[in-house]
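Residue numbers (our numbering), protein chains in the order written: chain A, 1 to 155; chain B, 1001 to 1497.
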């Protein structure tokens, strides 16, 4: 079983900084659009006001975290599941329009199975093929979602 | 109302509607049983299944998934002390203890019958209240809608668990994310980072799926628990049916609490079940027995979570406002079907409106008659190891998101938000408020602008119009109230997990 590690970082302070960063990003981006006035609001008005609000909330959260240090440390799991699942999704997204649903699903299943041990290649492949067949029949043939199942072979 | 119900039952009793209702409640039960797969992710996954259907059949199925999950969640709570759904956490307390005492059959019967009674009453309540509310809402102008949304968002923070300040910040971030894409009034492409795919905005299904579906998989893979079964036989379920009258009062109390809390923004199944359990414990003559296998400890929360799941449809059906992430997805589904949610749905689409309401009662009946005998089969689902389950979930998630626009870009977005969800979760920020405001964001801005256009740029407009003023003052008091120390501790107790 993967164990959780604990980072000695104040959780609330990190959240506050994250919100401030998000607010500054959207705030600066909003200024690029026309702000306008209350009567004639430009596309930048509403998001700009909201960005300021996020920054303010982030500041309050940060200040509270500094003055009232509640020891909520961040617990981080292993990177393995996050990495394996993300890569499998990205691979599926990159492949599906070119190679078709069938092979993409098998790839998705194979890659994602690296996220958890124990890994059994035979069983995983079987699961992949079964899912590929089931989804092709269910989504494409029965429901009629327009996704290519097999690669286009020019004929 | 009677005409409406007749119309609704006619529509909901058609063969196609019945089939999708059955499909919905069965899928709902299954995901309710499976821990680590919630209704939000499931509804997002299966939304593409409904694209080819007419809107009524689609909505009936999606609704069935939500309240079906409440039934399924209790099964695993009772048999293996594992809440399949967050709303059945409290059912574990007394349900599992009853099962250990050899009364699993009785506990299951209480949960099923209690949920059915609650479902019936809640459906009636929806049928009575919705038309009135919708008629009232039809008179709302832009300022009223703006204030209503503000109140809705703020109270969704107040009633949900989690740090209030962080949840408020999540709301504002959600609105900002909702604004990504083309601005309707000026045509400006906002926050698209020059990605042409973002001109139509971030795909709501991608965000919901990433934050609730995929981020959930990340979390589950970190700690996988093993399960231990409690044996029971079906005969004991039927044998215990005649003991049911003794728990009827508890069921009715739970129903009342759930019906009320479900209507409120941020309410719904989870809050209702916790509130019902606490109330039942307070009312009991010997509260110390709670947690050792008291029938009332199952009856009341189970009734409450089902009633709450159903009445949370009221704000969605009548005002077009989501009170929880599931309802936000329902609104997303309606929009994909080309129906703008709001009070006009009742007058413009009476068959859809009443059909959904009628189907809820039919679905509850199906759950009782068809699913209770199958309880043993459902329970066996838990034996599926998570490492075999999650690749299948992942495949469905990917196809679900991809098929909304047939665009791989939506999958990249899903991946980004899965990662963001993982980070937010680590930092203790709730994702439900963000999801609600992503869907409300564009409407919020639109109503804000329209209000100020009417008033020629005078912000006072929100306070001069009486309904709007009342709503804003109410939001203000909710904010003040949750900041008060005494109420804050009460809230923390009530929403603690």
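C-beta atoms are modelled at their ideal positions from N, C-alpha and C, and glycine is treated no differently.
Query raised in the report: For residue 144 of chain A, is the classification buried or exposed, using 16 other Cβ atoms within 10 angstroms of its Cβ as the cut-off for buried?
Result: exposed
Query raised in the report: According to the neighbour-count rule (16 or more other Cβ atoms, all chains shown, within 10 Å of its Cβ), is residue 1305 of chain B buried or exposed?
Result: buried
Report task. With DSSP as the reference, label residue 147 of chain A as helix, strand or coil. Result -> coil
Query raised in the report: Excluding sequence positions up to five away, which residues of its chain have a Cβ less than 6 Å from the Cβ of residue 1359 of chain B?
Result: 1012, 1021 and 1060
Query raised in the report: Does the pairing of the segment 1344–1363 of chain B with the segment 1003–1010 of chain B give three or more beta-carbon distances under 8 Å?
Result: yes
Report task. Out of B/1460, B/1109 and B/1437, state which residue places its alpha-carbon closest to the alpha-carbon of residue 1151 of chain B. Result -> B/1437
Requested in this report: Return helix, strand or coil for residue 76 of chain A, following the three-state DSSP convention.
Outcome: strand
**Report entry** Cα-Cα separation, residue 1343 of chain B to residue 1459 of chain B
**Finding:** 26 Å
Query raised in the report: Among A/80, A/39 and A/56, which residue has its Cα nearest to the Cα of residue 112 of chain A?
Result: A/80
Query raised in the report: Curious, which full-length alpha helix (DSSP H) runs of at least 4 residues does the segment 1100–1144 of chain B contain?
Result: 1104–1137
Requested in this report: State whether the segment 1313–1331 of chain B contacts the segment 1201–1219 of chain B, with contact taken as three or more CB pairs (one from each stretch) at a distance under 8 Å.
Outcome: yes
Requested in this report: Could you tell me whether the segment 1046–1066 of chain B touches the segment 1083–1099 of chain B, using the rule of 3 or more Cβ pairs below 8 Å?
Outcome: no
Query raised in the report: What's the gap between the Cα of residue 1176 of chain B and the Cα of residue 1340 of chain B?
Result: 21 Å
**Report entry** Closer than 8 Å to chain A by CB, residue 1186 of chain B
**Finding:** yes
Query raised in the report: Going straight from the alpha carbon of residue 1159 of chain B to that of residue 1452 of chain B, what length do you get?
Result: 30 Å
Requested in this report: Flag this pair as yes or no: are the beta carbons of residue 36 of chain A and residue 27 of chain A separated by less than 8 Å?
Outcome: no
Query raised in the report: Name the chain A residues that come within less than 8 Å of residue 1176 of chain B, Cβ to Cβ?
Result: 22, 26, 47, 50, 51 and 54
**Report entry** Inter-residue Cα distance where the pair is residue 1295 of chain B and residue 1107 of chain B
**Finding:** 7 Å
Report task. With 8 Å as the threshold, decide whether the Cβ of residue 11 of chain A is near any Cβ in chain B. Result -> yes
Query raised in the report: Ordered along the chain, which non-local residues of its own chain (more than five positions away) have a Cβ less than 6 Å from that of residue 1162 of chain B?
Result: 1430
Report task. Measure the beta-carbon distance from residue 31 of chain A to residue 48 of chain A and round it to whole angstroms, keeping in mind my assumption that it falls under 8 Å. Result -> 7 Å
Report task. Give every residue of the same chain whose Cβ lies closer than 8 Å to the Cβ of residue 1044 of chain B, excluding the five residues on either side of it in the sequence, and list them in chain order. Result -> 1205, 1208, 1209, 1212, 1213, 1329, 1397, 1400 and 1401
Requested in this report: Answer with yes or no whether the minimum CB distance from residue 155 of chain A to chain B is below 8 Å.
Outcome: Interpretation of residue 155 of chain A is limited by its pLDDT of 44, a score under 50 that renders its predicted location unreliable; no figure is taken from the coordinates.
Query - Neighbourhood of residue 1 of chain A by C-beta, 7 Å cutoff - its chain only, sequence neighbours within 5 removed - result: Summary for residue 1 of chain A: the model assigns pLDDT 42, below 50, so the residue's position carries little reliability, and this model does not support an answer.
Requested in this report: Determine the direct distance from the alpha carbon of residue 104 of chain A to that of residue 92 of chain A, and round the result to whole angstroms.
Outcome: 5 Å
Requested in this report: Answer yes or no: does any C-beta atom of chain B fall closer than 8 Å to that of residue 83 of chain A?
Outcome: no
Query raised in the report: Beta-carbon of residue 228 of chain A versus every beta-carbon of chain B: anything under 8 Å?
Result: Residue 228 of chain A is absent from the structure shown; chain A starts at 1 and stops at 155.
Report task. Determine the direct distance from the alpha carbon of residue 1367 of chain B to that of residue 1028 of chain B, and round the result to whole angstroms. Result -> 10 Å
Query raised in the report: Within the 8 Å Cβ cut-off, does residue 1218 of chain B reach chain A?
Result: yes
Report task. Work out the CA separation of residue 1320 of chain B and residue 1474 of chain B for me, nearest whole Å. Result -> 20 Å
Query raised in the report: In this structure, does DSSP put residue 1431 of chain B in helix, strand or coil?
Result: coil
Query raised in the report: Straight-line CA distance for residue 101 of chain A to residue 1114 of chain B?
Result: 44 Å
Query raised in the report: Closest by CA to residue 1037 of chain B, which one among B/1054, B/1015, B/1062 and B/1073?
Result: B/1073
Query raised in the report: Is any heavy atom of the ligand MN found at a distance shorter than 7 Å from the C-beta of residue 31 of chain A?
Result: Absent from the structure shown: the ligand MN. Ligands present: none.
Query raised in the report: Cβ of residue 121 of chain A less than 8 Å from any chain B Cβ?
Result: no
Query raised in the report: Between which two residues does the alpha helix (DSSP H) harbouring residue 14 of chain A extend?
Result: 11–31
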